[in-house]
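All remarks here apply to the structure that follows.
2 protein chains.
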Amino acid sequence: MDQELLTIREMCEAFDVTPRTLRFYESKELISPIRDGQKRLYTRRDRGRLTLILRGKRFGFALEEMRQLLNLYDRGDQKGEQLKRTVAAARERLAQMEQQRDELNEAIDELRSQLEAGAEMLAAFRPAAE
Amino acid sequence: MDQELLTIREMCEAFDVTPRTLRFYESKELISPIRDGQKRLYTRRDRGRLTLILRGKRFGFALEEMRQLLNLYDRGDQKGEQLKRTVAAARERLAQMEQQRDELNEAIDELRSQLEAGAEMLAAFRPAAE
DNA sequence: AGGAAGCTTTACGTTAACGTAAGTCGAGAC
DNA sequence: GTCTCGACTTACGTTAACGTAAAGCTTCCT
Numbered sequence: 000m001d002q003e004l005l006t007i008r009e010m011c012e013a014f015d016v017t018p019r020t021l022r023f024y025e026s027k028e029l030i031s032p033i034r035d036g037q038k039r040l041y042t043r044r045d046r047g048r049l050t051l052i053l054r055g056k057r058f059g060f061a062l063e064e065m066r067q068l069l070n071l072y073d074r075g076d077q078k079g080e081q082l083k084r085t086v087a088a089a090r091e092r093l094a095q096m097e098q099q100r101d102e103l104n105e106a107i108d109e110l111r112s113q114l115e116a117g118a119e120m121l122a123a124f125r126p127a128a129e
Numbered sequence: 000m001d002q003e004l005l006t007i008r009e010m011c012e013a014f015d016v017t018p019r020t021l022r023f024y025e026s027k028e029l030i031s032p033i034r035d036g037q038k039r040l041y042t043r044r045d046r047g048r049l050t051l052i053l054r055g056k057r058f059g060f061a062l063e064e065m066r067q068l069l070n071l072y073d074r075g076d077q078k079g080e081q082l083k084r085t086v087a088a089a090r091e092r093l094a095q096m097e098q099q100r101d102e103l104n105e106a107i108d109e110l111r112s113q114l115e116a117g118a119e120m121l122a123a124f125r126p127a128a129e
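Chains as they are written, first to last, in numbering that gives the first Met the number 0: chain A, 0 to 129; chain B, 0 to 129.
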C-alpha cells in the first residue's frame, strides 16, 4: 500500500504506459528515477511529475512544454513570477484549443451540409462547376 | 481569361500552394499535368482535382484517402457502388471529426475548470495530492 | 550449472507532408 | 557567346513520440 518506491513495471501498470515511454520521458529529462544497481526505482516525486505529464498530454501540451512547466514549478518559485507564467501558458493553450475546436466545427458544418445538400456527394466530390 | 493550360507558377498563385506541393501531389499520383518538353502544364482536370484535394484537406482527409476517393470518382462510376463508398467515407470522416471535437471540448472544460477553480493553477500543476 | 524472467542500453524505424539544398537544362535577353 | 530566369530532378532533412529489434546483465529457481 502506497509503497515508497515503484519498479518500472509497477509504474507501467499504475499509469498504463509502456517501459519505453518511461525511459523516453527520462531521456527527455521529464522524470529522473533513482537507481538500484542498474534498475530504475520511481519515487513519489516521479509519480507526481508523471501525473502532471499525462494530464498535460490530455490538454495537448507537447512534452517539451511540459518539461518547461515542470522545471518552473520545480524551482519552488510558486509564489511569484514563475507561477504566473504557468498560468499564462495554460490560458494560451486553452485559447488554442478553443480556436481549434471552432475550426473543427466549421469544417464539420461544411462537410455536413455537403452531405445533406448534395444529396449524393455530387456537391463535394465533383470537379469544379464549369 | 479562363486559359486552358496553366504553368506551375500560375497554378501556385491561383491555389496558393508551392511548386513543391504540386510536384509532391503529382508524385503521389493525385494530379498528372501534361508536359511541354519538360515543363508541366496543368489542365482544367488538374485544377478540378486540386480543388477537391484542398477541400478534402480542410475536412482532414489524408492525401492517400483523397487519392482513393478521386480514383473512385474518376472511374466514372458515379451512378452506383463507388459513389456510395465515397459518401460512406465522407460520413465516416464526419463522425471522426465530431468525436474529435467532443474530446476537445472535454479537455477544454477540464482545463478551464482547473484554471477557474484552482484560482492559481495550484490545481492543475501541483504534484498529486498527498 | 543452466535456464528463464525481467531489466538494461543502443540505435534504427515509423508517419505525413512537404522544405530545402544542389546541380542541371532550355529559352530568351543582350 | 554568355548570362539569367524559371523549371526540372534527385535526394536528404524535418517533427513528435514513441515502437521495436538486438544483445548483454542479474537474479531467482531448480
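Glycine included, every Cβ here is placed at the ideal spot set by N, Cα and C.
The beta carbon of B/R39 is closer than 7 Å to those of I7 and P32 in its chain, skipping five residues each way along the sequence.
The Cβ atoms of B/R84 and B/L71 sit closer than 8 Å to each other. Note: B/D35 is bridge-paired with B/K38 in the DSSP secondary-structure output.
Taking the C-beta atoms as reference points, B/L103 is found no nearer than 8 Å to A/M65. By the C-beta density criterion, B/G55 is buried, having at least 16 other C-beta atoms within 10 angstroms. For the region 46-65 of chain A, the residues whose beta carbon sits under 8 Å from a beta carbon of chain B are, in order, R46, G47, R48, T50, L51, R54, R57, F58 and G59.
For A/A106, the nearest CB of chain B lies under 8 Å from its own CB, placing it at the interface with that chain. For the 8 Å CB-CB criterion, A/D45 and A/I30 form a contact. The three-state reading of DSSP puts B/L29 in coil, since its state is none of H, G, I, E or B. Judged by DSSP in its simplified three-state form, A/L53 adopts helix. Taking B/L49 as the centre and dropping the five residues before and after it, the same chain places the C-beta of F14 and I30 closer than 7 Å to its C-beta, in chain order. In the DSSP assignment, B/L5 forms a beta bridge with B/Y41.
With contacts defined as CB atoms closer than 8 Å, B/L62 and B/K27 qualify as a contacting pair. Linking B/E3 to B/E12 through their CA atoms gives a straight-line distance of about 16 Å.
Residue contact check for A/L29 against chain B: no CB pair falls below 8 Å.
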